[in-house]
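These notes are about the structure you will find just below.
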Amino acid sequence: NRGEAGIEKVYDEVLCNEGEHSVYVGLDERRKIFTKEEYLVNKGVDPKEPSGVKLTVDYHIQREVERILDRGESRGAAIVADVKTGSILAMASRPNFDQNNIYKYLDRGDMSLYNKAVQVGYPPGSLFKLVVLLAALEEDDGHLHDRFYCNGYERAGNRIIGCNNGDGHGHITLKEAFSQSCNSAFIQLGRGLGGDSIIHMANRLGFGNKLNIGLSEENKGNLPSGADLIGPNMGNISIGQGSIEVTPLQITNMMLAIANDGTRKGMSIVEGIVAQDGYMIRKFERAQDQRVISEKTSGIAREYLAEVVRDGTADNLDLDDIGGAAGKTGSAEAVLNGKKTVHGWFSGFYPLQNPQYVITVFIEEGISGSQTAVPIFSDISRSIYNINR
20 NRGEAGIEKV YDEVLCNEGE HSVYVGLDER RKIFTKEEYL VNKGVDPKEP
70 SGVKLTVDYH IQREVERILD RGESRGAAIV ADVKTGSILA MASRPNFDQN
120 NIYKYLDRGD MSLYNKAVQV GYPPGSLFKL VVLLAALEED DGHLHDRFYC
170 NGYERAGNRI IGCNNGDGHG HITLKEAFSQ SCNSAFIQLG RGLGGDSIIH
220 MANRLGFGNK LNIGLSEENK GNLPSGADLI GPNMGNISIG QGSIEVTPLQ
270 ITNMMLAIAN DGTRKGMSIV EGIVAQDGYM IRKFERAQDQ RVISEKTSGI
320 AREYLAEVVR DGTADNLDLD DIGGAAGKTG SAEAVLNGKK TVHGWFSGFY
370 PLQNPQYVIT VFIEEGISGS QTAVPIFSDI SRSIYNINR
């Protein structure tokens, strides 16, 4: 059979040699099986010839992520990445599909044929406020002392953009505005920065570009440009709405940079091509690590993300007994199958001190990030803790 998607499609020639076959099993660094997939290899070829693909995926974490998404019949995606290496330890998209019976899914409206972690761009909503925050801090850390006034809405041309607190937050600091996800404050901040500054930061963080992790189907997302960066459009840009589209993979990439003191890691889901005897024939070439924000800015951002969990929109995330966590919620207005809806996001790192994992959860029609994505992040974190005990 030909591989129709994902790893099987990219490395079809390696995984589908003709002839007599045997089963190849890959192990991660801890000598644990990393996948249930039985990659078929040719017994009749030279043992040094390519015969399998070794992934970075940790079988145990992958299994738990899939179990948690399936338990709630969630539609969306989740990613777990190793903070120190940028390796993807788990990636799941729901609903799933059977690659051996692909045609029965062609007319379904749930996009089950797409890997929503990498193939589909979505509005990030308030998660994009993190980009605005980083742009402000890199411009001048004097923004730390900025104060704003929120009366419950902000005018953007002829539009009125409401805040999540309809009564208004009143006078509010930058840190409070971030933890409470105040739209008014971030629209005011965004206007002061300008669209070019915000989009420049977004590009540095990897948005609007493919990350080349070893899958051919990556969606580069979309960032506004030109006339879309001025005037009333700044209302949407500042809060991650309008024409902005990102993938869960790109969000994970941004959070990795913050967890790594401002350095973007070369992400990958593929270790390389291996021979039948396990010898690594060709190692996957990752993107070079790249500093995108200062160490000082990343430290401030981590503290702001921790405040979101302590006393903000993710205060329902209680992981203090296993090391704590930090992150940012997002509730993104969108149109799905012709109907208006709200998608839920949460991305962050665990544990709080010396982070080891970045976890991103995206839920279609999720009401809000707080209600749907945060509990899944919590369950995944606890599962990882139990795996490592």
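The sequence shown lines up with residues 20 to 408 when you count with this note's numbering. Cβ atoms here follow ideal geometry from the backbone N, Cα and C, with glycine treated the same way. What you are looking at is a predicted structure, and each value in this text was computed from that prediction instead of being measured.
Counting the other CB atoms within 10 Å of its CB gives Val354 a total below 16, which places it among the exposed residues. By the CB criterion at 9 Å, Ala276 and Ile312 fall inside the cutoff.
Assignment of Met274 by DSSP, reduced to helix, strand and coil, places it in the helix class. Sixteen is the threshold: since fewer than 16 other Cβ atoms of the shown chains lie within 10 Å of the Cβ of Lys359, the residue is exposed. Following the DSSP letters along the chain, one finds Asp101 inside the beta strand (DSSP E) bounded by residues 95 to 101.
In terms of CA proximity to Asn373, Ala345 leads the group Ala345, Ser203, Thr379, Ile399.
Counting of Cβ neighbours within 10 angstroms places Ala246 among the exposed residues, the total staying below 16. Residue nearest to Val328 within the set Leu248, Lys284, Thr316, Gly343 is Gly343 (criterion: CA-CA distance). Within a 10 Å sphere around the beta-carbon of Ile179 sit fewer than 16 other beta-carbons, which makes this residue exposed. In this structure the segment 251 to 267 lies against the segment 173 to 189, because at least three pairs of beta carbons, one per stretch, are closer than 8 Å. Per DSSP, the continuous beta strand (DSSP E) segment holding Gly189 begins and ends at 189 to 192. Across the set Gly95, Ile406, Asn272, the C-alpha of Asn272 shows the shortest separation from the C-alpha of Ala306.
In the three-state scheme derived from DSSP, where H, G and I count as helix and E and B as strand, Ala294 is classed as strand. Given a length threshold of 3 residues, each whole run of the beta strand (DSSP E) inside the segment 327 to 371 is given here in chain order: 345 to 355, 358 to 369. Counting only the Cα atoms, Leu324 lies some 31 Å from Glu304. Taken through DSSP and simplified to helix, strand or coil, Arg283 comes out as strand. Between Pro267 and Phe381, the CB-CB gap stays under 9 Å. For Gly211, there is no enclosing beta strand (DSSP E); the enclosing alpha helix (DSSP H) has its first and last residue at 202 to 212. When the alpha-carbon of Val102 is set against those of Asp280, Gly140, His164, the nearest one is in Asp280. Counting of Cβ neighbours within 10 angstroms places Ile232 among the buried residues, the total reaching 16 or more. Assigned with DSSP and collapsed to three states, Phe226 falls in coil, not helix or strand. A contact between stretches requires three or more CB pairs, one per stretch, nearer than 8 Å, and the segment 150 to 166 meets this requirement with the segment 204 to 213.
Judged by their CB atoms, Glu92 and Ala109 are not nearer to each other than the 9 Å cut-off.
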